[in-house]
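Student: Numbering (our numbering), first residue to last: 2 to 62.
Think of the CB as a built atom: it goes at the ideal place given N, C-alpha and C, for glycine as much as any other residue.
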Ligand SMILES: [Zn+2]
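1. Could you spell out the range, first to last residue, of the beta strand (DSSP E) harbouring residue 18?
2. According to DSSP, simplified to helix, strand and coil, what is residue 45?
3. Excluding the five sequence neighbours on either side, which residues of its own chain have a C-beta within less than 6 Å of the C-beta of residue 23, listed in chain order?
4. Is residue 31 a contact residue of ligand 1, with contact defined as CB to any heavy atom under 7 Å?
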């Protein structure tokens with residue numbers, strides 16, 4: 002097939018905040034902390050990060 006669509010924005014990669022693994026943006030978990038945005042490869046890493054207590058409580062209202 003053609004290779005015309007090899008750079009679509011949805012294919013952007015992010016690095017997980019916990020395990021540093023690169024995952025596709027559309028498969029990542031994005032968490033907003035104050036005015037900072039963190040990326041996780043999944044809920045497992047997000048919960049591990051929460052348990053580590055690097056940030057007190059994340060409450061956005
Ligand atoms: Zn991870």
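Tutor: Based on what the coordinates show:
1. Here residue 18 belongs to no beta strand (DSSP E), and DSSP marks it neither H nor E.
2. Reduced to three states, the DSSP call for residue 45 is helix.
3. Within the same chain, residue 23 has close Cβ partners 14, 16.
4. No, ligand 1 has no heavy atom inside 7 Å of this Cβ.
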